[in-house]
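First to last, the sequence lines map onto chains A and B.
Residue numbering for the first sequence follows our numbering, starting at 7 and increasing by one per position.
Residue numbering for the second sequence follows our numbering, starting at 99 and increasing by one per position.
Note that the Cβ used here is the ideal one computed from N, Cα and C, for glycine as well.
Keep in mind it's a predicted model, so treat the numbers as computed, not measured.
Written out below as structure tokens is the structure these notes cover.
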Amino acid sequence: MDLGSLTIDGVRSAIQERKVTAASFAEAHYAKIASDDPQIGAYLALSKDRAMGKAAEIDALAAKGDQLPPLAGVPVGIKDVMVTRGVTTTAGSKILGNYLPPYDCTAVARLEAAGAVVLGKLNCDEFAMGSSNENSAWKPVRNPRDLSRVPGGSSGGAAAAVAANMAVATLGSDTGGSIRQPASFCGVVGLKPTYGRVSRYGLIAFASSLDHIGPFGRNVKDTALVLQTMAGRDAMDSTSADIPVPDYVAEMGKPVKGLKIGIAKEYLGEGLDGEVRAATEAAVQKLARLGCEIVEVSLPHTKYAVPAYYIVATAEASSNLARFDGVRYGFRAAGVRSLSEMYRRSRDQGFGAEVKRRIMLGTYALSAGYYDAYYLKAQKVRTLLTRDFEEAFKSVDAIVTPTSPTAAFKLGEKVDDPLAMYLADIYTVTANLAGIPGISVPCGETRDKLPIGMQILGRHFDEAMILRVAGAFEKAA
Amino acid sequence: MKVTEKDVAYVAELANLELTEEERVRMLRDLNSILGHIDMLNALDTANVLAMAQVSERFGADESKAGSERFMYASREDVREGLRKSLAHDVALANAPDSDGTFFEVPKVIER
């Protein structure tokens with residue numbers, strides 16, 4: 007079985023036509039994981055009983071001749087920040103090393119209800135904090151294209167699993183670029199929807215106003231199909247929007263001729279690698295050849311995005327991560343004499359260096375005397391960044407940028423310089439602050455054969471538009 | 099240096115972290131480096147800009163209403179177990195590091 011050529015529709019129709027069983031698709035993926043994942047490190051836990059149970063259910067439906075649901079038998083992996091009932095969920099952290107959730111994340115439940123077969127849980131930076139997956143408490147993930155390089159982060163396992171044919175599609179989370187940047191580093195497609203498009207219920211919170219769940223796939227259509235099954239109001243997340251979900255695949259079929267595509271000089275300036283710039287410019291030219299009108303737009307506050315982001319995100323994280331105290335679940339330090347010592351020691355021993363750094367930064371920004379200067383200031387800058395996009399989208403339908411300023415870097419290259427690591431998120435954090443959707447699609451390779459990704463940003467709740475542009479670009483590539 | 103050793107100790111206490119001596123040295127260096135970059139925000143005049151805490155307040159909210167009435171889209175009927183049943187006692191305690199079967203157990207809080 008050529009796992010690399012599998013698509014969602016291909017898997018479903020092979021099962022529907024009874025050419026291949028869902029069980030054998032799952033088995034083939036488990037065999038691939040057993041042989042290749044020791045080198046890559048994408049999976050943290052396998053949920054084989056659950057997967058084979060679901061596959062048997064799908065095969066029984068196919069045997070009866072029933073119309074199969076849209077993701078029937080599709081082998082998927084789930085980033086380990088989404089809770090799965092009875093399947094160990096660690097968020098890449100020692101503090102949740104033995105955590106067995108009593109419920110399922112809505113996004114995962116909706117995928118399974120649509121027929122998907124959950125193979126297991128995917129490695130990530132601890133609590134999704136990182137841009138290289140090197141902050142996983144368990145093991146790093148290696149880029150399938152070049153094992154000496156990082157897969158990106160924080161959804162490094164989710165991107166690598168798709169790139170290495172160890173899942174047809176995966177779910178990741180994106181708080182500052184954690185879907186789009188690893189998608190670009192691994193040469194796959196990754197979509198961050200609008201804030202509120204997909205329920206966050208069951209997503210272990212990092213920064214609640216910036217966290218998003220989204221899909222990875224080997225092509226644009228597969229991400230559209232996965233988004234379709236997850237999107238829509240969920241009573242369990244009061245920030246999930248009660249806004250109708252369009253038929254994304256149908257929308258993708260519409261022509262792109264005449265669409266206005268924005269390019270912003272703020273995303274093509276200092277710090278951008280020459281090869282990435284050339285690939286992005288070539289991609290824009292290709293869109294022009296497809297009949298799109300290329301329009302220059304200005305997003306003047308872009309350079310303030312990383313500093314504003316790292317205040318808002320860490321402030322929210324310091325609050326969200328207060329719940330990890332060794333009382334109700336997770337790790338508790340041994341040999342403590344008092345309750346306060348138990349809290350401190352459990353957190354000290356349970357959290358890794360980057361998580362502690364962000365808790366400290368966020369706590370500092372929220373502490374008396376600094377709240378106005380840092381937190382409130384950052385929230386105001388967030389308004390300015392959002393206005394930039396709203397202004398730009400008055401004159402364009404989508405905006406094209408590089409996803410990341412460079413292709414995948416080497417393991418260890420930025421590990422000692424947190425600020426350099428944060429600056430790698432420069433083109434992606436803006437969409438989280440504004441809550442607009444973004445997709446990363448492959449748009450070429452460097453001389454070293456490393457993938458390059460292009461980011462397409464759209465208006466709030468206009469995933470249909472960015473999927474349409476991405477789909478047309480992919481088809482023409 | 100914006101952040102001092104004393105600040106690191108104070109913030110660690112607020113955050114319920116202890117941090118080893120080595121970690122404190124590193125934290126001091128990293129926080130100063132990151133906050134030094136963040137200081138560029140001061141170049142922006144935001145005197146007349148409203149703070150934005152949430153994206154979702156821009157959607158679905160009924161701007162003509164005040165207070166919680168604005169967010170009616172996110173409300174539900176106030177009934178017991180309106181969304182789902184509460185976790186059963188044993189399920190809620192299943193992940194506890196220490197429990198007597200009825201309560202979570204922690205080190206003694208009050209000495210007498």
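The beta strand (DSSP E) enclosing residue i, as first and last residue numbers
| i | result |
| --- | --- |
| E299 of chain A | E299 to V303 |
| E451 of chain A | G444 to E451 |
| S179 of chain A | A175 to S179 |
| L197 of chain A | V195 to K198 |
| G464 of chain A | Run containing G464 of chain A: none; DSSP gives neither H nor E here. |
| T144 of chain B | Taken as a continuous stretch (DSSP letters only), T144 of chain B belongs to no beta strand (DSSP E), as it is neither H nor E. |
| G223 of chain A | I219 to G223 |
Whether residue i touches residue j by CB criterion (8 Å)
| i | j | result |
| --- | --- | --- |
| P205 of chain B | R343 of chain A | yes |
| V3 of chain A | I462 of chain A | For residue 3 of chain A there is no data in the structure shown, the boundaries of chain A being 7 and 483. |
| T90 of chain A | P76 of chain A | no |
| A478 of chain A | V262 of chain A | yes |
| K100 of chain A | L115 of chain B | no |
| S131 of chain B | Y201 of chain A | no |
| T235 of chain A | R116 of chain A | yes |
| G196 of chain A | G220 of chain A | yes |
| L216 of chain A | V318 of chain A | yes |
| M135 of chain A | E299 of chain A | no |
| F395 of chain A | A440 of chain A | yes |
| N171 of chain A | L9 of chain A | yes |
| N129 of chain A | G103 of chain A | no |
| M258 of chain A | L473 of chain A | yes |
| V168 of chain A | T181 of chain A | no |
| V80 of chain A | S179 of chain A | no |
| T389 of chain A | A192 of chain B | no |
| A145 of chain B | Q385 of chain A | no |
Span of the alpha helix (DSSP H), counted from its first residue to its last, around residue i
| i | result |
| --- | --- |
| T96 of chain A | Neither: T96 of chain A is in no alpha helix (DSSP H) and is coded neither H nor E. |
| Q22 of chain A | I14 to Q22 |
| I136 of chain B | E119 to I136 |
| K266 of chain A | Where K266 of chain A is concerned, there is no enclosing alpha helix (DSSP H), although the beta strand (DSSP E) it sits in stretches over K266 to A270. |
| I208 of chain B | Counting along the chain, I208 of chain B falls outside any alpha helix (DSSP H), and DSSP gives it neither H nor E. |
| I405 of chain A | Where I405 of chain A is concerned, there is no enclosing alpha helix (DSSP H), although the beta strand (DSSP E) it sits in stretches over A404 to P408. |
| D188 of chain B | H187 to L191 |
| A3 of chain A | Coverage of chain A is limited to positions 7 through 483, which leaves residue 3 of chain A absent and any answer about it impossible. |
| F191 of chain A | R186 to C192 |
| L112 of chain B | E103 to L112 |
| Q291 of chain A | G280 to R295 |
| S325 of chain A | A311 to N326 |
| Y428 of chain A | P424 to L429 |
| L274 of chain A | It is not in any alpha helix (DSSP H) - L274 of chain A carries neither H nor E in the DSSP assignment. |
| T436 of chain A | V435 to A440 |
Cβ separation of residue i and residue j, assumed to be a contact under 8 Å, to the nearest whole Å
| i | j | result |
| --- | --- | --- |
| A5 of chain A | L391 of chain A | Summary: the structure shown does not reach residue 5 of chain A, with chain A confined to residues 7 through 483, and so no result is reported for it. |
| S112 of chain A | Y207 of chain A | Per the sequence presented here, residue 112 of chain A reads as Thr, with Ser not at that position. With a Cβ gap of about 4 Å, T112 of chain A and Y207 of chain A count as contacting. |
| T286 of chain A | M471 of chain A | About 19 Å; that fails the 8 Å criterion. |
| R83 of chain B | V106 of chain B | Since the first residue of chain B shown is 99 and the last is 210, residue 83 of chain B is not available in this structure. |
| K198 of chain A | A404 of chain A | With a Cβ gap of about 14 Å, K198 of chain A and A404 of chain A do not count as contacting. |
| R186 of chain A | G444 of chain A | 6 Å |
| G158 of chain A | S53 of chain A | Contact doesn't hold; Cβ gap of about 24 Å is too wide. |
| L129 of chain B | M427 of chain A | Not really, about 15 Å apart at Cβ, beyond 8 Å. |
| R283 of chain A | L293 of chain A | That belief does not hold up - the Cβ atoms of R283 of chain A and L293 of chain A are roughly 16 Å apart, past 8 Å. |
Same chain only: Cβ atoms within 6 Å of residue i, ignoring 5 sequence neighbours per side
| i | result |
| --- | --- |
| T321 of chain A | Before going on, a small fix: residue 321 of chain A reads as Ala here, not Thr. So the qualifying residues of the chain are G368, A371, L372 and Y381. |
| V177 of chain B | none |
| A323 of chain A | F212, A213, R364 and G368 |
| G356 of chain A | K100, I101 and F337 |
| D96 of chain B | This structure gives no information on residue 96 of chain B, because the portion of chain B shown stretches from 99 to 210. |
| S160 of chain A | C130, D131, A134, G136 and S184 |
| D248 of chain A | R239 |
| D331 of chain A | Y349 |
| R295 of chain A | none |
Close beta carbons around residue i, own chain, < 7 Å, minus the five adjacent residues each side
| i | result |
| --- | --- |
| S154 of chain A | K416 and L417 |
| S205 of chain A | T112, A113, D240, M242, D243 and S246 |
| A143 of chain A | G98, S99, K100, E132 and G358 |
| P146 of chain A | G47, N139, E140 and L417 |
| D43 of chain A | Y49 and M172 |
heavy atom of the ligand FMN below 7 Å from residue i C-beta
| i | result |
| --- | --- |
| M471 of chain A | The ligand FMN is not part of this structure, which contains no ligands at all. |
Same chain only: Cβ atoms within 8 Å of residue i, ignoring 5 sequence neighbours per side
| i | result |
| --- | --- |
| G277 of chain A | P411, L429 and I432 |
| P306 of chain A | E272 and D394 |
| Y335 of chain A | L102 and Y105 |
| V290 of chain A | I267, I269, I300 and V406 |
For this session: Pick out the complete alpha helix (DSSP H) segments inside the region 339-392 of chain A, 4 residues or longer, and give them in chain order.
Result: Complete alpha helix (DSSP H) runs here, min 4: 345-356 and 359-372.
For this session: Only counting runs of 3 or more residues, tell me where the beta strand (DSSP E) segments fall wholly within the region 45-122 of chain A, in order along the chain.
Result: Within the region 45-122 of chain A, the complete beta strand (DSSP E) runs of at least 3 residues are 49-52 and 81-85.
For this session: Write down every uninterrupted run of the beta strand (DSSP E) in the region 203-260 of chain A whose length is 3 residues or greater and which is fully enclosed by it, in chain order.
Result: Entirely contained in the region 203-260 of chain A, the beta strand (DSSP E) runs reaching 3 residues are, in chain order, 219-223.
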